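Below is one structure, written out as structure tokens; the observations come after it.
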Amino acid sequence: MSVSDRVRSCRPVRFFPTASEGGTADRLVRAGALQRALMLAVFVVTGVTTAAAQTATVRGTVRDGRTGEPLPRVTVRLDGIGHTTTADETGRYVFAEVPPGEHTLRFNLIGYTPATLTLYVAAGAEEVQDVALAVKAVRLRPVTVIHDRTRLVGAARLAEIPGSAHVLDRLKVEDPKAVFGDVHALLGEVPGVNVQEEEGYGLRPNIGLRGTGVERSSKITLMEDGVLIAPAPYAAPAAYYFPVVGRMEAIEVRKGSSQIKYGPRTVGGALNLVSTSIPDELTLYGEVAAGQDATRKLRARIGNAYRNFGWLLEGYQIRTNGFKRLDGTGDTGFDIEDYLLKLRVNTDPGAAVYQEMEIKLGHTDELSNETYLGLTDGDFQRSALRRYAASQRDVMDAEHQQVQLRHFIRPADWLDVTSTVYRNDFARNWYKLQSVYQERLADILDRPSEFPAELTVLRGADSDPDALRVRANNRDYYAQGMQSFIGLRFGGAAQNELELGIRYHEDREDRFQHEDGFQMLNGSLVLTSEGAPGSQSNRVSDARAWAFYVQHRITLGQLSVAPGVRYEHAAFRRTDYGGDDPNRIAPTRVRENDVAVWIPGVGVRYGVAAGVSVFGGVHKGFAPPGPGAAPETKPEESVNYEVGARLVRNGVNAQVVGFFSDYENIVGRATLATGETGTGEQFNGGAMDVAGLEMSVEVDALTMWSKALSLPLQLSYTFTRATFQTDFDSDFEPWGTVLVGDHLPYLPEHRLYLGAGIRHRNWGASLSARYSGEMRTVAGQGPIPPGRAADAALVLNGAAEYTFMSESVVFVAVQNLANEQHVVARRPAGARPGLPRTILAGIRFGR
């Protein structure tokens, strides 16, 4: 049995049947059931709509009692019928189909005194209940402090941060327009973020911040709940695993000087995915959706909290047959299951010394029929969604497990300690086409006229035995460690917040790869030889690291200054074994290297007027070299500057930031994802300048005129230009021969996001547009040569929803509304398409 067959035989049990399961009779039974279900849904919705005419609507805006500014993310509960909602970014909330009679509204937000309102609503009326919440003058609630230590933004308002920060909350992460939970699409509205799509679904994201480069998100600090989450963040930072975004409650992005405490990569910024929190009361949520290409999605969570105990259980499944059309036949989609369990025990919330312990257990299983093989330009123009027959055996089988144990103690109002022990395990075997007649795939597709025989084989023509080599890219990873954060608060002439942190971390990448030989016969791949385990790559890369930081925030009136410093020490080791030594008896080579660095930074913020502030900062950027780096390989280092202004007032949330990064040295890494050989070799790129501008605006255009109708508008824009400042010749293909002024590849100068929506009582609709300018695929300047660019593109997404029974919503979403077809990348090999027009519809209930 081949590796591919072995991988496919290990598919886990799914809630949903695949398109091929069951016979004709079974499909007819299911079709009948679907028809009956649709008829029942129509009946229910019709009945509820009729009943809604006798109910009322309650809406309003929640504001800060001190400043009068809108308060987002306030929990609003309507007692009696038990409905709960969350105020949006403009502080607005709404309850539709409220029964006539007396009701009680309860408002809660961390750091504010809860408020209660009693009102009487009449049938068919619309009641407007605005409320102002008072800032708590008593001791900080424990959860407030915990958020400060485990999140990038924490419980503090964005307006108070001395640097650039953005939060996509649950309302945005669960937006129906994010059909597949594609983090590329979600981050499109955050300025300063640059992405390179690859397979259309965002399963293996390529994310950069402020011109860092995007290769497998290896140039930024990735976290889940404040813990490093890349498979091996130091030894092998390429993120071949990325958390399932569809189950997150928030995504946080932090840039500028205040992000140095997160490390180890501090050049561009940090990205944190926030998993679902244990709720304060019994909560049940469910979502079922289906759409094109046999796409099916199921999400469910349930949780509750008591005085001294809380729990949460969540499951997420999504599968699709894929939008690419494999020559002959075959599945090009994926199947993902993700499960999360959280348990918490705690002392009484009002205890003099508050403590809590939370354990988080996560498991993800993925089977993706994905390939590195793209198309020639000619074939892309003829059929952008085609997939060559030679990729029919390509499949990734991956499994991820995580454990986090967090302890929090607050001995006094001025002192708290948050400690986390963590372990992440990730195993994946990506079995995919490597070469044809020993020629690299990228060479064949980039220059098809030079490889006519190889190209015909890719398309399905008969070949010699062993002409096609399929590599089992079998790798195991682990990352584990312990981190503690100590927070101190003290007064005097100024308010002082001091935070100290320490982390010990170790991780490992274990490569044990081989290649099988195949022959193409009648359009099908036939196994002709099996490679010996470990014969293609047999090595282990280790890293051990200590990190310390201290950050002191001083607030005097409207002025805040936040100086800080980070220390990183990392020791690397790479151990190579022979291809004929599967038992690893004797290493052929052992290489060790280490690095130690101090990373200082300072941020400043000044409140000019109510809701208006300016800020700026400077910090050192750093990224460590990996295991086995040659002696001449330098760390990635830079000095980074930013200056900006922020407005949060009268329902407007706006920010503009200028930034500049002065690289002393930028580093490239030869991975298969970059179209290279996958050796992991690192290359110095020398000096580089990155300059840019970020702008974002969010506003409800009707907030001053209408209580019944809202019209949220959003705009974000990023300009980025990254240019090399030295001449050099590089064996790193995306760079090649570089001249002063050449632009960094896979970085568009212009990115634009526009969003608009409308909401009235129990219905709403939204439309968004994402524009990305043309990107070079190889460093250069001037006009981009043919075949050396990823296309400029404008992608439209839309959604509509209808709410019935207050907490049940039916929705329909369309991604890539105009069916824009364009080249999103030319790596790893050949031209690759983005997601075509895709429609998904479903229902969600609960909260």
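Take the sequence shown: its letters are residues 577 to 1423, numbered as in the working numbering.
Just so you know, even glycine gets a beta-carbon here, dropped at the ideal spot from N, CA and C.
Just so you know, these numbers come straight off a predicted model, no measurement behind them.
Close Cβ partners of residue i (< 6 angstroms) along its chain, the five nearest in sequence each way excluded
| i | result |
| --- | --- |
| R1181 | P738, S1136, S1189 and F1191 |
| S1272 | P767, Q1231 and S1292 |
| A708 | R639 and G641 |
| G1179 | P738, G739, S833, S834, A1138 and G1193 |
| T626 | At T626 the pLDDT is 40, less than 50, meaning the model places this residue with poor confidence; the figure from the coordinates comes in the next sentence. Contacts found: none. |
| T694 | T680 |
| P1158 | P1109 and G1110 |
| R1408 | G950, V1400 and A1401 |
| E1030 | V1012, Y1013, E1015 and I1020 |
| V714 | Its pLDDT being 38, under 50, V714 is placed unreliably by the model, and the measurement read from it follows with that caveat. If we look at V714 and ignore the five residues flanking it on each side, it has no Cβ neighbours. |
| T653 | Sequence check: residue 653 is Arg here, not Thr. T660 and R682. |
| A974 | E942 and R1004 |
| R830 | L728, A741, G845 and A846 |
| R1335 | S1286 |
| G1356 | D1318 |
7 angstroms Cβ shell around residue i - same chain, five flanking residues per side excluded
| i | result |
| --- | --- |
| Q1354 | Sequence check: residue 1354 is Val here, not Gln. So the list reads P1310, G1312, P1321 and R1364, once near-sequence residues are dropped. |
| S1214 | V843, G1197, S1237, D1238, Y1239 and E1240 |
| D1305 | T1313 |
| M615 | Confidence is the limiting factor: at M615 the pLDDT is only 40, short of 50, which leaves the residue's position unreliable, though a coordinate-based value still follows. Counting only Cβ-Cβ distances below 7 angstroms, and skipping sequence neighbours, we find nothing. |
| V1224 | E645, A735 and G1187 |
| V1184 | V1190 |
| T1131 | A1070 and Q1071 |
| A1205 | N1169 and Q1258 |
Residue i versus the options, residue with shortest Cα-Cα distance
| i | options | result |
| --- | --- | --- |
| L849 | A870, I805 and T923 | I805 |
| V1046 | Q1397, L785, V1102 and V704 | V1102 |
| R1413 | K900, Q1134, D751 and Q931 | K900 |
| T871 | R1245, V755, D751 and G862 | V755 |
| A735 | N1229, Y1347 and Q1258 | N1229 |
| N1392 | A691, L654 and A761 | A761 |
| I1078 | S1384, F1124 and H1326 | F1124 |
| P648 | D655, A1407 and T637 | T637 |
| N1260 | G1227, T1209, G1268 and Y1217 | T1209 |
| Q1095 | G1227, T1296, R780 and L1044 | L1044 |
| D1265 | Q1290, F1235 and A1246 | F1235 |
| D914 | V821, Q1134 and A988 | V821 |
| V1371 | A1405, G1331 and I1360 | G1331 |
| E828 | V759, I854 and P1409 | V759 |
| P752 | R635, E703 and K873 | K873 |
| S1039 | H742, N1098 and L1017 | N1098 |
| G1333 | T1299, N1373, E1350 and R725 | N1373 |
| R1327 | L763, A698 and G1202 | L763 |
Strand pairing of residue i, partner residues [DSSP]
| i | result |
| --- | --- |
| S944 | F910 and M972 |
| L1323 | Answer is none; L1323 lacks a bridge partner. |
| L961 | According to DSSP, which records beta bridges pairwise, L961 is partnered with nothing at all. |
| V1194 | V1178 and Y1217 |
| P646 | R639 |
| L1393 | Answer is none; L1393 lacks a bridge partner. |
| G677 | V697 |
| G1234 | V1219 and L1269 |
| S851 | M824 |
| H1398 | Looking at the DSSP assignment, H1398 forms no beta bridge with any residue, so it has no partner. |
| G1422 | Y861 |
Residues of its chain near residue i, where Cβ-Cβ distance is below 8 angstroms and the 5 sequence neighbours each way are ignored
| i | result |
| --- | --- |
| V621 | Summary for V621: the model assigns pLDDT 38, below 50, so the residue's position carries little reliability, and this model does not support an answer. |
CB contact below 7 angstroms: residue i versus chain B
| i | result |
| --- | --- |
| V1215 | Checking the listed chains, one finds no chain B in this structure; it contains a single protein chain. |
#### Entry: beta strand (DSSP E) runs contained entirely in the segment 1057-1112, provided each spans 3 or more residues
1071-1097 and 1100-1105
### Query
Do the segment 890-897 and the segment 791-804 touch if we need at least three Cβ pairs shorter than 8 angstroms?
no
### Task
Within the segment 761-833, note down every full alpha helix (DSSP H) run reaching 4 residues or more, in order along the chain.
none
### Query
Which full runs of the beta strand (DSSP E) of 3+ residues lie inside the segment 1004-1038, going along the chain?
none
### Message
Quick check for students: name the residue ranges of the beta strand (DSSP E) that lie wholly in the segment 1124-1192, counting only runs of 3 or more.
### Response
1135-1153 and 1163-1185
### Task
Could you tell me whether the segment 1071-1088 touches the segment 1112-1122, using the rule of 3 or more Cβ pairs below 8 angstroms?
yes
### Query
Three or more beta-carbon pairs under 8 angstroms between the segment 974-984 and the segment 1097-1115, yes or no?
no
### Task
Decide yes or no for the touch test of the segment 878-888 against the segment 1258-1278: beta carbon pairs closer than 8 angstroms, at least 3 of them.
no
### Task
For the segment 849-937, list the beta strand (DSSP E) runs that are entirely contained and at least 3 residues long, ordered along the chain.
859-867, 871-881, 885-896 and 910-922
### Message
Is it the case that the segment 916-932 contacts the segment 947-963, given that we only count it when at least three CB pairs across the two stretches are under 8 angstroms?
### Response
no
### Task
Any chance you could list the beta strand (DSSP E) runs of at least 3 consecutive residues sitting entirely within the segment 1292-1353, in chain order?
1326-1336 and 1339-1348
### Message
Closer than 8 angstroms is the cut-off here; do at least three beta carbon pairs connect the segment 850-869 with the segment 767-778?
### Response
no
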